[in-house]
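What follows is one structure encoded as structure tokens, with my remarks underneath.
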Amino acid sequence: MWGSTVGKKTVMAVSGLIMLLYLVVHMIGNLKIFFGAGEFNHYAHWLRTLGEPFLHYEWALWLVRIVLVIAVVAHAVSAYQLSRRDIKARPTKYVHSKPRASYATRTMRWGGIILGLFIVWHILDLTTGTVHSGFQPGHPYQNIVATFSTWYGNVIYIVAMLALGLHIRHGFWSAAQTLGVGSRARDRALKTVANVLAVLLTAGFIAVPVGVMTGVVS
Amino acid sequence: MTSYVEYATGDPVVDTKAPSGPINERWDKRRFEAKLVNPANRRKHTVIVVGTGLAGGAAGATLAEQGYHVVQFCYSDSPRRAHSIAAQGGINAAKNYRNDGDSVHRLFYDTVKGGDFRARESNVHRLAQISVEIIDQCVAQGVPFAREYGGLLDTRSFGGVQVSRTFYARGQTGQQLLLGAYQALSRQIAAGNVEMHPRTEMLDLIVVDGRARGIVARDLITGKVDTYFADAVVLASGGYGNVFYLSTNAMNSNATAIWRAHRRGAYFANPCFTQIHPTCIPRTGDHQSKLTLMSESLRNDGRIWVPKAKGDNRPPNEIPDDERDYYLERIYPSFGNLVPRDIASRAAKNVCDEGRGVGPGGQGVYLDFADAIRRMGRKAVEAKYGNLFDMYRQITDEDPYEVPMRIYPAVHYTMGGLWVDYDLQTTIPGLFAIGEANFSDHGANRLGASALMQGLADGYFVLPATINDYLARNPHKSDDDVTDEHPVVQEVLAETEDRLNLLLAVDGDRTPDSFHRELGELMWEFCGMARTDAGLRKALERIPEIREEFWRRIKVPGTGEELNQSLEKANRIVDYLELAELMCLDALHRSESCGGHFREESQSPDGEAARKDDEFTYAAAWEFTGTGEAPTLHKEDLVFEYVHPTQRSYA
Amino acid sequence: MKLTLRVWRQKNADADGAMSTYEVDGISPDMSFLEMLDVLNEQLILSGEDPVAFDHDCREGICGACSLVINGDAHGPERTTTCQLHMRSFKDGDTIDIEPWRASAFPVVKDLVVDRSAFDRIIQAGGYITAPTGAAPEAHATPVPKPDADFAFEHAECIGCGACVAACPNGAAMLFTSAKINHLNVLPQGAPERETRVLDMVAQMDEEGFGGCTLAGECATACPKGIPLMSITSMNKEWLRATRKAPKR
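Protein chains in written order, with my numbering: chain A, 68 to 285; chain B, 818 to 1468; chain C, 33 to 281.
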């Protein structure tokens, strides 16, 4: 599987879909912020007690985190290796160059890098609080409001979510092709689902900073 | 007039391998009588195959499957590009899947008759027998023939025939069959049984002690001229239609392999038998580099016509039906638009000569699909001919769904070629010629969809069976291996290098193309669709002059030690300039009309080709004696035991 | 028409190349693009210069030899082969850039000629059905449903020109490879080698140094025979199926 370009693409597709599934859940959870601090913080706490008493405190959360780390690493490593290979396979550019549909390719590569950097920042900001002054563990509602009360917090977040939208738009459809589920009859449906997913996730995630900025969430 | 026309007639040439007995048992008989090579010994034998078209590709793959060591050559970058790929319409086979009265015997009969009784009965019958196996073979290889809804193979009809026996893959039958052969060959290359040399062109034949033992070939990338040795050499290098400059052949198709073999002693048979295909896209101007065929299958549903009145310049849609002359339907009511190619071509020439031609220069006739679209609907026409229509639109910028196509005859195929016996062996022992490179099966005119049949029959089934006999009788002995040190090899190599060096050294003021074009125009005018004694003599006078001028004024830039396409071209023209002369002489000597060879002096009162069976029921095999020197004619008498020569009638 | 041509000139595989500028005059709109290059070459020969080397053969759009990138597009602005592109697609006074296919698996041999033998090796790896001559059953023994036959044909139309590789931003040969796999894998005759075929051909494709697929879709846009992008999807499916099945053998 790993030895072949098609195999590596499969790894990318599967890991991408795992992350996509996570993002859908993540976004729905995020939207609970509009129901007030109490409910949102309670939800955050519930995530840690999920599966009890079968599981210990935070086990479920760590399980999800481990799967996500594996997915991110697999996705990034295969992307890096494939890109290196692609660039090597086309070392000479055409003198008469044209900007064109390789737009999708370019946004995937740059979008991926942006998203990778964003994930690091996002964890340091809202999970560990390392880059967050006045971080209050156990009070995500307050931390989120604080982050989106700074201009750079909003800019970083919104740019990343736009990149995410583009990434999902090509990525979801692309994953379907890689996994061989695309067909001529299904193509329109797949493209629609990709677009809907991209728009819903982008809008859902951006709703939070917008909510903070407009004072709906405070 | 030179002494070239004063040729001598030598001993008749006899096909000693031809079996006797009832015609339908001859092939089995020959196969049984042929000696075999023990499978364990086959590895030790090397066979050179020149060309990777239907015949060459099929032969290379099959010989390798049998266990021989095959060394194969093609001038293209890949064996898949051979010009068989451009054949459009289909492949004949006497499967009788339609239950329309077809049989091996009918295919045999149609082919002998279609060839205007100038082909060998034994060979044609074998071809008809094998046709059935070819379809099986190709289907097994995954060739995607057209199928009906029930999943069975579809067929259509072709010119000169009243049954539906042509199997097809849309308008790309040649491509699909060739890819089948190419894939089989690829499998053998991967297995190490075929040593493939792409971009390598054969420039001469090595004959040692009277047997073909190898070739001289030039690596077209490095320019290196090298020798390759073998126990037998198979030429599958195609036809020589490019003598005419404008033809439907590929730009690089050439006659060098067969011509060099001819110069080394292989007889050249019936060189004047060239096929002019009736449905090609007319030329648009002097810049034209090649002509494009529109498949004959179009004549299944398209109707050919010209205006009744001379010089009628109205657009075709404004000419009412009663002012149109559907001349093929009028003259040949029973075959209509599906008369054989030679007849359709000549009829087109006649109406254009009468001043009723259409399009620029009046060199065209209409092929109209309006009726078919009305009858079947545009969708059905599209499904059947879509890619041909697209191709026509791409080239002419006219929409054939709206405006009738314009077509005109063009040089397409050469029935003549190296003389071969029943085993497909030339007059040089150990040298075989298959596919269009030989002369054997089509007589004076080839029926549509028969070229693919013959190429594959020769390559898959005939040669692999008959070459055993030669190799068994001439077993490989390691002590008589030919090497570069052999004086004959040295001489051939030196001659080849001298020729190339001379081409580079002349440094004149005319390009290779300018000579090729000049020769082509001369041949089209005097040795084309209609030939006369006076015209041919004129051409024969002119060709040596062009040849002389060529060697004085040719300009080939660059060196021989690199990819030099001008040098390749110039070297091929050297051979055309000699071959053209032989074609004209053959056309001059055959004062009858038959099939594609139409002598104006020999026609029936209503303008049909009139054969002279008493004088010319033979294949003319020419022996080379020297450049510009009269060749020697050897006649092979043709005997018709099963199909008795009659005036062909398609009316 | 009068045109300015900027053509990639490169003496041989090892030499450096560069674009050279030429003028051609008297070009008819009815000429094919290659006939226009013939005019240029006649001019160059007479002026003692080396003519431009380019691959071409059948000039009717089927052999797959011609291979020029014209103004950045493989085979030029129309969806066809270079040989079927006509000068009516250009205007008097245009400047036209002509370059060879670019991909590390297709090294330049000279000027506009590249080495596409990598394609042959992909076919050799498994792009065939093992059916030695003489071993074939009767053609009607196995009917093939028409939709399957049509699917096979659609993919079998590939002419192996390499435009897909030339157009792909990653120099990938997925469209070429998938076309052959789909042609043979859908047929009952191709079934016995269905798994090995796709695994071996994809492995060979990787070994030749072609890039991977990012589904940019450039290949299908450039393909003169209209092989659909979905062809790659079908190949991926075949490949995944084969990786599941193969170890069981």
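Each residue gets a CB set at the ideal place from its N, CA and C atoms; glycine is no exception.
Just measuring C-alpha positions, the residue of B:Y1277, B:M1232, B:W1076 and B:V1456 sitting nearest B:L1394 is B:W1076.
When DSSP states are grouped into helix, strand and coil, C:A47 belongs to the coil group. B:A1086 is classed as buried because its beta carbon has at least 16 other beta carbons within 10 Å across all chains shown. When Cβ-Cβ separations below 9 Å define contact, C:C95 makes contact with chain B. Using a Cβ-Cβ cut-off of 9 Å, A:L264 does not count as an interface residue toward chain C, since no Cβ of chain C sits closer than that to its own. In the three-state DSSP reduction, B:Y824 falls in the coil class, being neither helix nor strand.
Residue environment: B:N940 is assigned as buried (16 or more neighbouring CB atoms within 10 Å of its CB, all protein chains considered). For the segment 187 to 214 of chain C, the residues whose beta carbon sits under 8 Å from a beta carbon of chain A are, in order, C200, P201, N202, G203 and A204. Within chain C, the C-beta atoms nearer than 7 Å to that of B:G968 come from P175, V176, P177 and K178, in chain order. When only Cα atoms are considered, B:G907 and B:P1281 end up about 24 Å apart.
Across the structure, C:N44 and A:A270 are spaced so that their CA atoms are roughly 55 Å apart. At a cut-off of 9 Å between C-beta atoms, B:Q1242 does not count as an interface residue with respect to chain C.
Inside the segment 1350 to 1385 of chain B, DSSP marks whole alpha helix (DSSP H) runs of 4 or more residues at positions 1350 to 1370, from first to last along the chain. Straight through space, the alpha carbons of C:R120 and B:V888 are spaced by roughly 44 Å.
Take the alpha-carbon of C:L100 and the one of C:V84: they are about 12 Å apart. Ranked by Cα distance from B:M1270, the options B:L994, B:R1141, B:V1373 and B:G868 are led by B:L994. Nearest in C-alpha terms to B:K1429, of all of B:R1465, B:G1272, B:A1438 and B:L1339, is B:R1465. Apart from the 5 residues on each side of it in sequence, B:E1432 sits with its Cβ closer than 7 Å to the Cβ of E1409 in its chain, given in chain order. Per DSSP, the continuous beta strand (DSSP E) segment holding B:P1124 begins and ends at R1120 to P1124. C:D238 reaches chain A at S71 and T72, counting residues in chain order whose Cβ is nearer than 7 Å. Within the segment 107 to 127 of chain C, contact with chain A at the beta-carbon level (separation under 7 Å) is assigned to no residue. It is roughly 7 Å from the alpha-carbon of A:I85 to the alpha-carbon of A:A138. According to the DSSP assignment, B:R843 belongs to the alpha helix (DSSP H) that extends over R843 to E850.
The beta carbons of B:A1397 and B:L1339 sit closer together than 9 Å. Inter-residue distance for C:S52 and A:T159 is about 17 Å (C-alpha atoms, whole angstroms). The beta carbon of B:K852 lies closer than 8 Å to those of N1285, D1286, A1289 and R1290 in the same chain, with the five residues before and after it left out. Looking only at B:T972, B:G1276 and B:S1112, the smallest Cα-Cα distance to B:H1094 is reached by B:S1112.
Assigned with DSSP and collapsed to three states, B:Y1209 falls in helix. Less than 9 Å divides the Cβ of C:D82 from the Cβ of B:G1375. Chain order gives the chain C residues near B:L996 as A188, where near means a beta carbon separation below 8 Å. Around the beta carbon of B:G838, fewer than 16 other beta carbons sit within 10 angstroms, so the residue counts as exposed.
Listed in chain order, the positions of the segment 71 to 93 of chain A with a beta carbon within less than 8 Å of a beta carbon of chain C are S71, T72, V73, G74, K75, K76 and T77. The Cβ of A:I154 sits closer than 9 Å to at least one Cβ of chain C.
Looking at the backbone, the Cα of B:H886 and that of B:F1152 are separated by about 48 Å. Across the set B:E1012, B:I1023 and B:A998, the C-alpha of B:A998 shows the shortest separation from the C-alpha of B:I952.
The way I'd put it, the segment 909 to 929 of chain B doesn't touch the segment 127 to 143 of chain C; fewer than three beta-carbon pairs between them come closer than 8 Å.
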